[in-house]
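Q:
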Amino acid sequence: MNSETLIKIENIILKRGGSTVLDIREFQVRQGRILALIGPNGAGKSTLLLMLAGLLKPGQGKFYFQGRPVESRIDLAMLRRNAAVVFQEPLLLNSSVYENVAIGLKFRRLKNEEIRKSVQSALDYFGISQLAKRSAKTLSGGEAKRVSLARAFAIKPQIILLDEAFNSLDPPTRGTVIDDLKQILEETKITAVLASHDREETLRLAQDVSVMNSGRIVQSGKTAEIFNQPDSEFVANFVGTESILEGTVNSCASGHMVISINRKVIEAVGDCSIGQKVYCCLRPENVTVSNYTQGKISARNIFEAKVSKIVRQGFFYKLTLDCGFPLVAYITIPSCEDLGIAKGGTVVASFKATAVHVIRREK
Amino acid sequence: MELIVQGIIKAFELIISFDPEVLGITWLSLKISGTATLISLFIGVSIGTAVALTNFYGKRLVISLINTGMGLPPVVVGLFVTILIWRNGPLGFLEILYTPSAMIIAQAIIATPIVMGISLAAIQNLPPNLRLQILSLGASRLQMVWVLIKEARLPLLAAIMAGFGGVISEVGASIMVGGNIKGYSRVLTTATVMETGKGNFDVAIALSIILLLLAFLVNLVLTQIQQRQHPR
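Residue numbers (the numbering used here), protein chains in the order written: chain A, 284 to 646; chain B, 3 to 234.
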């Protein structure tokens, strides 16, 4: 990758009350990218986020911001001034929406005219300029979240840190806020790190993912890579068992989409513009395996596949198939015996267009 | 019964006729208790906020001490202030015993822990991430504290009310360090005590009504300010 590194961490160990909260060998945030920190509760995501925001002293180890080491209090204050955090709760102050969005600029003692302009553009970005005069305490959850995001963007930070920022929202609001945020991040090219334990949120927003567990980073990589090639059982369990396929929408008419994946095409249900990059998520229990291609079935997606791996998992087998793209299927033990499936053998994998869960993603 | 009715009638006469002595006593009460509350506000809010925002060994002990101080008996305060400013006492050179200044000091000592305890709780009750949020938006430490105090303004107004209410109605310390000198250090409460002792119930009732009215008016104004904020 040719993107520049914005933050780099090396061998950071943070202890609190005798126990290790963070133990990070190497971690970096690249300029202009959206990175998701995922992991169970207590994995250290929030702590790492606070450190990236300059709100927590890095203690032992090396911390670089824009290539310069962060060591003294002055360095830390400088980092803090270049970062903005958005927490799970909106944490708005008891004043008007305008005052809330302006607060960071007022701390910087900017001129009134400058403040007014920046606040206006931040409000416009999040589509809430009509709320400017409203009291922050009378807003709905979605509106309050937009205000807290606008407040963070108003100070034009180098990096924005989102700590489970969408957890408190109801699903439809959450979807629209995430879509808007994604577009704004793309336009402004502001680097973002989000702590999350929601896979859909991660897939929709993040280009890179780091998985955390008990204060350590256990795997880092591009989003699809993490979801498809977890390198440990922990990561596999955490990211779930769905196959995540990167594709591009070829055509879309009356809710029926054709998506190309690695020179293959699959059919799915949904509505997307042509050329849209998407993730196609497929649960392994929705993939049917057979050994003939003749005859008609209702499933729209039928591929010849090579069995690259068979693993017994309790009462069924987990098959890893290669159809020109990776695919995971669960089959029962009798089915496996009846079909005579063996590693290296060829089978036919099929799944219904309706079983494909399509998530729009970054360019 | 007649006594009470007569007393009330006389009281209203005294109030309506703007009796200069009653007026003087009322004004002095307001001045002394107002100044004392103001002093307690500065000390109470700053120390209360500082204790709320810092972590140190023995913090819980300090908080329990402050909370105990909220119920400080005025006569005890009066006794210690008297000892301190007694002619031969360590602060005797100030020569302020039996002056309004001594009363202000005593009342400020009574009100400070009340204001401190309430502001401490008010700041501690703010959402835990709010501090970090404000800092992350680029606030300096001082700016952060100021924003927190502004956020806690509703309970802080309650602190002012409680502090003022505590000292305007207090009598023990005022009489001990002020001496209830006519036209100089006589306030509503000390005058009420004296008039009651003399059997002048009408005057005592008039003074009590004024005291209640005063407390009511001050709280009314502060409540207006408090409730002007949007309900949570």
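We treat Cβ as the ideally placed atom computed from N, Cα and C, and that holds for glycine.
Using only alpha-carbon positions, find the residue among A:GLU483, A:GLU508, A:PHE436, A:THR456 that is nearest to A:ALA475.
A: Comparing Cα-Cα distances from A:ALA475 to each of A:GLU483, A:GLU508, A:PHE436, A:THR456, the minimum goes to A:PHE436.
Q: In the DSSP assignment, find the alpha helix (DSSP H) that holds B:THR28 and state where it starts and stops.
A: Looking at the DSSP string, the run of the alpha helix (DSSP H) that includes B:THR28 is 22–55.
Q: Who does A:ARG643 pair with in a DSSP beta bridge?
A: BP columns for A:ARG643 point to A:VAL561.
Q: Report the neighbours of B:LEU132 on chain A: residues whose CB is nearer than 8 Å to its CB, in chain order.
A: Result: LEU374.
Q: Can you tell me the Cα-Cα spacing of A:MET284 and A:GLU426, whole angstroms?
A: Bear in mind that a pLDDT of 41 at A:MET284, under 50, signals an unreliable position, so the number given afterwards is only what the model happens to contain. Cα to Cα, the separation comes out at about 37 Å.
Q: With a cut-off of 8 Å, do at least 3 Cβ pairs link the stretch 516–524 of chain A to the stretch 321–341 of chain A?
A: Cβ pair count under 8 Å is three or more, so yes.
Q: Closer than 8 Å between beta carbons: that is the criterion. Which residues of the stretch 419–439 of chain A meet it against chain B?
A: The stretch 419–439 of chain A vs chain B, Cβ under 8 Å: LYS420, THR421, ARG434, ALA435, ILE438.
Q: Which one or two residues does DSSP pair with A:CYS535 in a beta bridge?
A: A:MET540.
Q: Is A:ALA582 helix, strand or coil by DSSP?
A: In this structure, A:ALA582 counts as coil in the three-state DSSP scheme.
Q: In the stretch 377–395 of chain A, which residues sit with their C-beta less than 8 Å from some C-beta in chain B, listed in chain order?
A: So the list reads ASN377, ILE386, GLY387, PHE390, ARG391, given in the order they occur along the chain.
Q: What ranges does the alpha helix (DSSP H) occupy inside the stretch 102–141 of chain B, keeping only unbroken runs of at least 4 residues that lie completely in it?
A: List check, alpha helix (DSSP H) in window: 102–126, 132–138.
Q: Return the CA-CA distance between B:LEU216 and B:ALA110, expressed in angstroms with no decimal places.
A: About 19 Å.
Q: DSSP beta-bridge partners for B:SER171?
A: Note: B:SER171 sits in no beta bridge, so no partner.
Q: Nearest-angstrom Cα distance between B:SER187 and B:PHE82?
A: Near 19 Å, if we compare the C-alpha coordinates of B:PHE82 and B:SER187.
Q: Among all the DSSP beta bridges, which residues are the ones paired with A:TYR347?
A: Paired residues: A:LYS291, A:PRO352.
Q: Does the stretch 125–138 of chain B touch the stretch 190–203 of chain B, meaning 3 or more C-beta pairs lie closer than 8 Å?
A: Contact between the stretch 190–203 of chain B and the stretch 125–138 of chain B is absent, because fewer than three Cβ pairs lie under 8 Å.
Q: Okay, do the stretch 620–638 of chain A and the stretch 579–587 of chain A touch, 3+ Cβ pairs below 8 Å being the bar?
A: As far as the Cβ criterion goes, the stretch 620–638 of chain A touches the stretch 579–587 of chain A, which means the pair count is three or higher.
Q: Quick one: what's A:THR303 bridged to in DSSP?
A: Its beta-bridge partners are A:LYS298.
Q: Closer than 6 Å by C-beta to B:PHE95: which residues in its own chain qualify, once you throw out the five before and the five after it? Chain order, please.
A: Same-chain partners within the cutoff: there are none.
Q: Examine chain A for any beta-carbon lying closer than 8 Å to the beta-carbon of B:SER121, and answer yes or no.
A: B:SER121 does not count as touching chain A.
Q: Quick check on B:VAL53: buried or exposed, where buried means 16 or more other Cβ atoms within 10 Å of its Cβ?
A: So B:VAL53 ends up on the buried side.
Q: When you check each C-beta in the stretch 447–464 of chain A against every C-beta of chain B, which residues fall closer than 7 Å?
A: Residues passing the 7 Å Cβ filter: none.
Q: Along the chain, where does the beta strand (DSSP E) containing B:GLY237 start, and where does it finish?
A: Residue 237 of chain B lies beyond the range of chain B shown here (3 to 234); nothing can be said about it.
Q: Would you say B:GLN126 lies against chain A (beta-carbon separation less than 8 Å)?
A: No, B:GLN126 does not count as interfacial toward chain A.
Q: Looking at the structure shown, is A:GLN413 part of a helix, part of a strand, or coil, going by DSSP?
A: The answer is helix: DSSP assigns A:GLN413 an H, G or I state.
Q: With a threshold of 16 other CB atoms inside 10 Å of the CB of B:GLN135, please say whether the residue is buried or exposed.
A: Classification for B:GLN135: buried.
Q: Shortest alpha-carbon distance to A:SER431 belongs to which of A:PHE449, A:GLU397, A:VAL369?
A: Closest option to A:SER431, Cα to Cα, is A:VAL369.
Q: Just the C-alpha distance for B:GLU172 and A:SER418, rounded to the nearest angstrom, thanks.
A: Whole-angstrom Cα-Cα distance: 40 Å.
Q: Does the separation of the CB atoms of B:VAL205 and B:LEU16 fall below 8 Å?
A: Yes; because the gap between Cβ atoms is below 8 Å, this pair is in contact.
Q: Shortest alpha-carbon distance to A:VAL380 belongs to which of A:ARG363, A:PHE409, A:MET361?
A: Nearest option by C-alpha distance: A:PHE409.
Q: Can you tell me whether B:ASN57 is buried or exposed, with buried defined as 16 or more other CB within 10 angstroms of its CB?
A: By the neighbour-count rule (16 or more Cβ atoms within 10 Å), B:ASN57 is not buried but exposed.
Q: So, at 7 Å on beta carbons, what are the nonlocal neighbours of B:ILE8 in its own chain, with the 5 sequence-adjacent residues on each side left out?
A: Residue 8 of chain B is actually Gln in this sequence, not Ile. Hits under 7 Å: ASP204.
Q: So, does the CB of A:MET284 fall closer than 8 Å to a CB anywhere in chain B?
A: Note that A:MET284 scores 41 on pLDDT, short of 50, meaning its location in the model is unreliable; the coordinates nonetheless yield the value given after this. By this cut-off, A:MET284 is not an interface position.
Q: Are there 16 or more other CB atoms within 10 angstroms of the CB of B:LEU214, so buried, or fewer, so exposed?
A: Under this definition B:LEU214 is an exposed residue.
Q: So which residues of chain B does A:VAL641 contact, with C-beta pairs closer than 8 Å?
A: Residues of chain B passing the Cβ test: none, with the nearest at roughly 35 Å.
Q: Give me whichever residues DSSP pairs with A:ASP491 in a beta bridge.
A: Note: A:ASP491 sits in a beta bridge opposite A:LEU318, A:LYS505.
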